[in-house]
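*Asks:* Mind looking over this structure? Questions follow.
Number of protein chains: 2
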Amino acid sequence: MVSFERFTMEDGSPIYQQIVLYLKREAVAGRVMDGDELPSRRVLSALLGVNPNTVQKSYRILEEEGLIQSHSGAKSYMVLSGQKLSRVTAELLESEAKAAVRTLKQMGISKEEAMALFSRYWE
Amino acid sequence: MVSFERFTMEDGSPIYQQIVLYLKREAVAGRVMDGDELPSRRVLSALLGVNPNTVQKSYRILEEEGLIQSHSGAKSYMVLSGQKLSRVTAELLESEAKAAVRTLKQMGISKEEAMALFSRYWE
DNA sequence: CTAACTGTATTATATGACTGATACGGATTG
DNA sequence: CAATCCGTATCAGTCATATAATACAGTTAG
């Protein structure tokens, strides 16, 4: 069963996107694997304190990307081939790195300052 | 006169927030300085292709933070003491670093992998 | 002075995100 | 078989974002 223990709500971005990204990141980390059972829409919405429709939107998006399999009436499961995992990993890393680099460059931060910043905030 | 040459619209976050962040980053970079004249609400809205009310919202937020001074009927100017600049710099760097580190850690990326990733995407 | 520009304010409309309530049929379990 | 869970769908309402159209008073430049 996929765990949402590490999930924490941020404000700013839509909740359904946060859920989508959470599951993708957990998959990249290897904590969510192919065939893992997902909590039902109702159970997860109660756990996170959000509306079932919001969770449904997340699951629908993931199913459209082929990362979830849902049969009407039955439980939902993760579908994670090696190829899909590679695609998701590359997608997440690129978007994360590009956004950070772009922002810091606009602030006039040098590469050395940026590296030192990340190193410091890593712990 | 403050330039918006480097401004590019992203989708995802509100436009008024993008304008606020743009001006803060330009100030941190030193390209926007104390006393600099800002484009009027109408001129900037036409330049960016957005509604004047959206620009007004950005300027109002910046004024509430003390980074802009507006007199009814007259032009608006940046107000950037060294203290304010330090505060903004720290605020932007911390939020940027924290967000990136948090995301990459959830993906199970090691510190070394993360540093290599940033180094590669810096160009 | 006057025209043009400025900041500021108001009202209305539209869309996306989120919530709340409810309903239906399929799948599973006792 | 029947109860319960499941996925799926719909409708209504709220809130934030953004647009559009005005309006008015203060400032400034010709």
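Chains A and B, in that order, are what the protein sequence lines are. Per this note's numbering: the first sequence ends with 115, consecutive numbering throughout. Per this note's numbering: the second sequence ends with 115, consecutive numbering throughout. Glycine is no exception: its CB is placed at the ideal position from the N, C-alpha and C atoms.
1. By the three-class DSSP mapping on this structure, what secondary structure does A:Ser50 have?
2. At a cut-off of 8 Å, would you count B:Gln10 as near the ligand NAD, judging by its Cβ distance to the nearest heavy atom?
3. Determine the chain B residues that contact A:Tyr113 at a beta-carbon separation under 7 Å, and present them in chain order.
4. Is it buried or exposed, B:Met1, if we count other Cβ atoms within 10 angstroms and call 16 or more buried?
5. If contact is defined by three or more beta carbon pairs under 8 Å, each pair taking one atom from either stretch, is the region 91 to 103 of chain B in contact with the region 101 to 113 of chain A?
6. Which stretch, first to last residue, makes up the beta strand (DSSP E) that contains B:Met70?
7. Would you say A:Ala38 lies against chain B (beta-carbon separation less than 9 Å)?
8. Where does the unbroken alpha helix (DSSP H) through A:Ile11 begin, and where does it stop?
9. Identify which residue in B:Gly41, B:Asn43, B:Val47 has its Cα closest to the Cα of B:Leu30.
10. Looking at the C-beta of B:Ser5, does it have a partner C-beta in chain A at a distance below 9 Å?
11. Where does A:Glu115 fall in DSSP's three states?
12. Taking 7 Å as the limit between beta carbons, can you name the residues of its chain near A:Tyr51, skipping five residues before and five after?
13. How many angstroms separate the CA atom of A:Leu54 from the CA atom of A:Ile11?
14. At a Cβ threshold of 9 Å, is A:Leu96 touching chain B?
15. Report yes or no: do three or more beta-carbon pairs, one from the region 34 to 43 of chain A and one from the region 70 to 77 of chain A, lie closer than 8 Å?
16. DSSP three-state label for A:Glu29, please.
17. On the premise that A:Leu96 lies in contact with B:Glu88, defined as a C-beta separation below 8 Å, what is that separation, rounded to the nearest angstrom?
*Replies:* With the structure as the only source:
1. Here residue 50 of chain A is taken as the residue at index 58 of the first sequence, counted from 1. Three-state result, A:Ser50: helix.
2. Ligands in the displayed structure: none, and consequently the ligand NAD is not present.
3. By one-based count along the first sequence, residue 113 of chain A stands at place 121. Residues of chain B passing the Cβ test: Ala89, Lys90, Val93.
4. As a first step, residue 1 of chain B is located in the second sequence; it is residue number 9 there, counting from the start. By the neighbour-count criterion, in which a residue is buried when 16 or more other Cβ atoms sit within 10 angstroms of its Cβ, B:Met1 is exposed.
5. The answer is yes - the region 91 to 103 of chain B touches the region 101 to 113 of chain A, with three or more Cβ pairs under 8 Å.
6. The count along the second sequence starts at 1 and reaches residue 70 of chain B at position 78. Segment 68 to 70, the beta strand (DSSP E) holding B:Met70.
7. On the first sequence, position 46 is the one that residue 38 of chain A refers to. False, the Cβ-Cβ gap to chain B never drops below 9 Å.
8. The sequence position of residue 11 of chain A within the first sequence is 19, counting from 1. Here the alpha helix (DSSP H) through A:Ile11 covers 7 to 21.
9. If you number the second sequence from 1, residue 30 of chain B lands on position 38. Per the C-alpha coordinates, the member of B:Gly41, B:Asn43, B:Val47 positioned closest to B:Leu30 is B:Val47.
10. Your numbering for residue 5 of chain B matches position 13 in the second sequence. Yes, its Cβ sits closer than 9 Å to a Cβ of chain A.
11. Indexing the first sequence from 1 puts residue 115 of chain A at position 123. Here A:Glu115 sits in coil by DSSP.
12. As a position in the first sequence, residue 51 of chain A is number 59, starting the count at 1. Cβ contact annotation for A:Tyr51 (same chain, cutoff 7 Å, sequence separation greater than five): Arg33, Ile60, Ser62, Ser68, in chain order.
13. For the purposes of this step, residue 54 of chain A is taken as the residue at position 62 of the first sequence. For the purposes of this step, residue 11 of chain A is taken as the residue at position 19 of the first sequence. In a straight line, the C-alpha of A:Leu54 is about 10 Å away from that of A:Ile11.
14. Start at 1 with the first residue of the first sequence, and residue 96 of chain A comes out as number 104. With 9 Å as the cut-off, A:Leu96 counts as an interface residue toward chain B.
15. At 8 Å Cβ cutoff, the stretches do not touch.
16. Within the first sequence, numbered from 1, the residue matching residue 29 of chain A stands at position 37. Residue state, collapsed to three classes: strand.
17. Residue 88 of chain B sits at position 96 when you count from the first residue of the second sequence. Residue 96 of chain A sits at position 104 when you count from the first residue of the first sequence. Between B:Glu88 and A:Leu96, the beta carbon gap of about 6 Å places them in contact (Cβ cut-off 8 Å).
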